[in-house]
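Chains as they are written, first to last, in the working numbering: chain A, 20 to 169; chain B, 20 to 169. For every residue, glycine included, the Cβ atom is placed at its ideal position computed from N, Cα and C.
The following block contains the structure:
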């Protein structure tokens with residue numbers, strides 16, 4: 020259930036991160052009305068392109084709860100989550116997402132993820148990155164190996 | 020330029036990971052004909068839903084090269100990268116991607132990312148996760164704060 024105080028907390032994290040030299044994004048992951056993990060964008064500090072606020076909050080919750088799956092959680096994010104974070108949250112089965120500033124509201128600041136999302140929507144042969152499916156012969160198909168061991 | 024030995028290495032990493040109790044995915048990131056980072060899927064071992072082979076290889080390359088941007092690199096992945104990893108590689112400006120097994124080839128093993136990709140293609144109001152854009156009044160807009168400090 021939406022509680023504005025958590026979105027306010029995500030925005031405060033974003034503001035604090037800017038004051039610390041980071042990008043203006045914060046995230047708060049909530050379960051049963053309690054904060055279980057938070058994150059800010061750490062890319063400037065660590066060079067890690069994946070160190071987005073939401074992704075870090077998901078990873079910290081995975082570690083804390085000792086499970087990849089986060090059913091029943093709610094992500095409060097200052098900015099509309101990028102496709103990388105959206106895909107991670109779909110895989111983690113995050114229940115709800117609330118965000119304060121949309122891609123559109125970030126556009127004039129260069130803080131929008133529409134470009135990446137537009138790429139992902141294209142067939143792989145038409146994306147900016149050259150992506151090629153290669154055929155290779157191997158003795159043990161890794162998926163067969165995996166299916167045998169399950 | 021495509022070199023089959025790196026794709027073979029990615030598949031060998033995937034096979035080895037299965038033998039170690041992991042999922043059948045490996046990745047090798049190459050620059051100027053040299054391997055600069057590798058990864059395997061570590062989700063089973065660490066519970067980290069984001070610990071995909073390609074994402075880990077990207078993060079390790081970010082750390083090693085001390086930059087979020089990986090222009091001129093080529094990712095060799097045993098399986099077709101999921102949308103999370105694709106988005107990360109777009110953001111990191113990875114130059115090329117070669118993969119051995121497509122989503123379609125992984126489908127019968129439950130090793131396909133078409134479900135998540137299908138979600139991302141939908142408008143946010145129609146995705147499985149309930150996603151809501153909330154309006155909130157704050158004194159300092161974090162994007163303005165960021166723009167002022169750049």
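- The Cβ atoms of residue 68/B and residue 87/A lie closer than 8 Å to each other.
- The three-state secondary structure of residue 94/A, taken from DSSP, is strand.
- Per DSSP, residue 84/B is one residue of the alpha helix (DSSP H) stretching across 72 to 84.
- Relative to residue 121/B, the option among 141/B, 106/B, 44/B, 74/B whose CA is nearest is 44/B.
- For the segment 80 to 91 of chain A, the set of positions with a beta-carbon nearer than 7 Å to some beta-carbon of chain B reads 81, 82, 85, 86, 87 in chain order.
- Around the C-beta of residue 92/A, 16 or more other C-beta atoms lie within 10 Å, and the residue is accordingly described as buried.
- Looking at the backbone, the Cα of residue 102/B and that of residue 113/A are separated by about 16 Å.
- Residue contact with chain B for residue 69/A: present (Cβ-Cβ distance below 8 Å to some residue of chain B).
- Taking a beta-carbon distance threshold of 8 Å, residue 47/B does not count as an interface residue toward chain A.
- Residue contact with chain A for residue 144/B: absent (no Cβ-Cβ distance below 8 Å to any residue of chain A).
- The Cβ atoms of residue 41/B and residue 64/B sit closer than 8 Å to each other.
- Along the segment 103 to 150 of chain A, the beta strand (DSSP E) occurs as fully enclosed runs of 3 or more residues at 115 to 120, listed in sequence order.
- Burial is judged here by how many other beta carbons sit within 10 angstroms of a residue's own beta carbon; residue 78/A has at least 16 and is buried.
- Taking residue 99/A as reference, the option from 66/A, 85/A, 136/A, 83/A with the minimal CA-CA separation is 136/A.
- Contact annotation for residue 114/A against chain B: 148, 149 [CB-CB distance below 9 Å, chain order].
- Taking the C-beta atoms as reference points, residue 34/A is found no nearer than 8 Å to residue 74/B.
- Separation of residue 96/B and residue 26/B (C-alpha to C-alpha, rounded to the nearest whole angstrom) is 7 Å.
- DSSP lists 50/B as the beta-bridge partner residues of residue 53/B.
- Residue nearest to residue 151/B within the set 71/A, 119/A, 104/A, 36/A is 119/A (criterion: CA-CA distance).
- Here the alpha carbons of residue 38/A and residue 59/A stand approximately 12 Å from one another.
- The beta carbon of residue 133/B does not come within 8 Å of any beta carbon belonging to chain A, so the residue lies off that interface.
- DSSP places residue 163/B in the uninterrupted alpha helix (DSSP H) bounded by 161 to 168.
- Interface criterion met: the Cβ of residue 77/A is under 8 Å from a Cβ in chain B.
- At a beta-carbon threshold of 8 Å, the residues of chain B lying near residue 33/A are 161, ordered along the chain.
- Between residue 47/B and residue 70/B a beta carbon distance of about 16 Å is seen, past the 8 Å cut, so the two are scored as non-contacting.
- With respect to the 8 Å criterion, residue 94/B and residue 76/B are classified as neighbours on the basis of their beta carbons.
- For residue 28/A, the enclosing alpha helix (DSSP H) starts and ends at 23 to 38.
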